[in-house]
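Protein chains in written order, with this note's numbering: chain L, 61 to 303; chain P, 61 to 303.
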DNA sequence: CAGTGGTCTAGACCACGTA
DNA sequence: ACGTGGTCTAGACCACTGT
C-alpha cells in the first residue's frame, strides 16, 4: 500500500517528521484527528520529548498540524494551498533552458517621479528615479519586456551603473542586500508599446509579473515584466512539508 | 525609516532569529559575511547553544543563511526570490472580499478519458473520469470559470456527490486527505467557450491557473481556472523568514 | 486544577570539512 | 587533527486552556 519510503533516514526527528507526514498524506490520519501526544511518541520512538517536539513544531510551521495546549495536536484541514513560487533572475531563467540570453536596452532616463510612478512605487514623496526599459531575449527572440523604476534615494549607487549589457535586475539582486518583495501576477492585453517590443500582435494576452522590492531604506525598485502569454508559464510546486 | 518592530519578543530563540534577520536585511551583514559562531552567540545572549541553534536552523531553512561545518555560518546571497503564493479556495477568495459567492454548474459528465484528458492529468491509463465545468460568480458577476477532471479511480466516493450548489473544488479540499499539487500560471486569450461563460470578448486576456493534485492513490484531479485578466491578480508576498 | 505544548538547559557525542 | 555545526538527552519550569 505505502509506496515507498527512503530506507535510511538521516536523523531521528526527520524520521518522525516523515512518519507523521506519511500518515497524513496517506489519509490514515484525517483532518481533525488527534495524533499521539509528544510523551507518547517519545516513548514509541524511544527518544526524548525534545526530539519529537522538533518534528512536530516543523510540521506545524508547514501547516499540516494544529497544536493546542491541554487538548493536543491535530491534523489540520488544508484550507489553502500555499505554493512556493520560485521567481528567479531572468538571465538565469533563460540559461536554465539552455538558450542563449541577451538583453537590449531600449530606454534609460532619470527624472522626477510622475503621478503614475508614485502609484507604482507606492510612495508619496521620493526624489529622482531612474526609469529603465529593456528587452530580454532568448536565442535573439523577444522573451520578456522589463519596465523598471529605481528609487535613487534608496539605491544611490545605481547612478554610476550602466546597463548596456547586463539587466538592472541582475545587478540589483547582487548589489542590494536582502529585501522584502511583493508580487502581483496578472494577465494583460499587450499595449502598442509592449506588442512592438515583444514582436507580437497588439492586444495579445501577456503574462505580467509586477514586483515591488523594499528594504529598510524604503522602496528600492518596481518592475513590470511582460511575457508573451502563449510562451511563458510560471510553475509552483506544492508539497506539504518542504523539509 | 524603520517600519517598526514589535517591542516585546516572546521567546528567546525568536528574538535571536529576528536580531540576525535585522542585521541581514539592514545590510549590516552582507552576503558572504560570516556571522558569529553558535557558541559565541550563546555567550552573547547568555543562553545555551541549543537556543541559538534553533534560531539559526530556522533561518537556514528560510534561505537566509548557509551553514558549513568547521567554517561557520554565512549570509546567503538571494539568488531567487521564492515567494509564497497563497492559493485559496475560490469560495473563500470571493467571500474574503466581502462579496456574495455563487456557483453555477454548466456541465457534468462521466466518460473515458480522451487523449487531451490524459495529457492534462499526466496519466497513461486511468478508468473513467468525471468532467465538470462550473462558473464561480461574485455578486452574480462571472468571476472564474472552472474546468475540472476528476480521476474516479483515485476518488471513487465523488460519484455520489452532486455539485449543484457547492463547487467540486470545495468538496475535494475537504474530502481528499492531503496531497501534492503542481500549479502552472499563464495568460491566455479567451476561447469562444471561456468568453461566453465569463461574459467577456473572445480573445480577451485571461489569467489561467492550472492545478494538478495528487495523493498516494495517484492523480486526483486536474483543474483549469480562468479569470478575466483585467479583474484578477494573484498576490505573492515574500519576506525573508516567514517566522 | 491538571494536562498539554512551549521553551530552555548543560551537558554529550558524532559527522563533516578544512587544514 | 581540530573546530564547527547536527543532533540528542533527561531533566526543568512556565503558559495556556479545558474540565
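All C-beta atoms in this analysis are idealised placements derived from N, C-alpha and C, irrespective of residue type, glycine included. Quick caveat: nothing in here was measured; it's all calculated off a predicted structure.
- The distance from the Cβ of residue 181 of chain P to that of residue 279 of chain P is about 5 Å, consistent with a contact at the 8 Å cut-off.
- By the criterion of at least three beta-carbon pairs nearer than 8 Å, the region 255-265 of chain P is in contact with the region 288-299 of chain P.
- A residue is called buried once 16 or more other Cβ atoms fall within 10 Å of its Cβ, and residue 274 of chain P is buried on that count.
- DSSP places residue 148 of chain L inside the beta strand (DSSP E), whose first and last residues are 140-148.
- Interface annotation for the region 234-255 of chain P against chain L: 234, 236, 237, 238, 239, 240, 241, 242, 243, 244, 245, 246, 247, 248, 249, 250, criterion Cβ-Cβ distance under 9 Å.
- Taking a C-beta distance under 8 Å as the contact criterion, residue 140 of chain L and residue 147 of chain P qualify as a contact pair.
- The three-state reading of DSSP puts residue 96 of chain P in coil, since its state is none of H, G, I, E or B.
- Taking CB atoms only, residue 177 of chain P has no neighbour in chain L less than 8 Å away.
- Taking a Cβ-Cβ threshold of 9 Å, the residues of chain P close to residue 295 of chain L are 242, 243, 244, 245, in chain order.
- Residue 284 of chain L: member of the beta strand (DSSP E) spanning 278-288, first to last residue.
- Your pair residue 208 of chain L and residue 281 of chain L checks out as a contact, with CB atoms roughly 6 Å apart and the cut at 8 Å.
- Between the region 106-119 of chain P and the region 71-88 of chain P there are three or more C-beta pairs closer than 8 Å, enough to call the two in contact.
- P/162 is the residue among P/92, P/169, P/162 whose C-alpha sits nearest the C-alpha of residue 230 of chain P.
- For the C-beta of residue 202 of chain L, not a single chain P residue is nearer than 8 Å; the gap to the nearest is close to 15 Å.
- DSSP assignment within the region 185-255 of chain L yields the following whole alpha helix (DSSP H) runs of 4 residues or more, N-terminal first: 228-235.
- When C-beta atoms of the region 242-252 of chain L are compared with those of the region 185-195 of chain L, fewer than three pairs fall below 8 Å, so the two segments do not count as touching.
- Residue range 161-171 is occupied by the beta strand (DSSP E) that includes residue 167 of chain L, with no alpha helix (DSSP H) assigned at that position.
- Taking residue 99 of chain L as reference, the option from L/109, L/91, L/90, L/93 with the minimal CA-CA separation is L/109.
- Under the three-state reduction of DSSP, residue 118 of chain L is assigned to helix.
- At a cut-off of 8 Å between beta carbons, residue 226 of chain P makes no contact with chain L.
- At the C-beta level, residue 138 of chain L and residue 238 of chain P come within 8 Å of one another.
- Within 8 Å of the CB of residue 258 of chain L, no CB atom of chain P is found; the nearest one sits about 12 Å away.
- Annotation: residue 252 of chain L to residue 259 of chain L spans about 10 Å, alpha carbon to alpha carbon.
- Taking a contact as a CB-CB distance under 8 Å, the pair residue 214 of chain L and residue 277 of chain L counts as one, their CB atoms being some 4 Å apart.
- Around the C-beta of residue 201 of chain L, fewer than 16 other C-beta atoms lie within 10 Å, and the residue is accordingly described as exposed.
- About 7 Å separates the beta carbons of residue 297 of chain L and residue 144 of chain L, which is inside the 8 Å limit, making them a contact pair.
- With a threshold of 16 other beta carbon atoms within 10 Å, residue 173 of chain P meets it and is buried.
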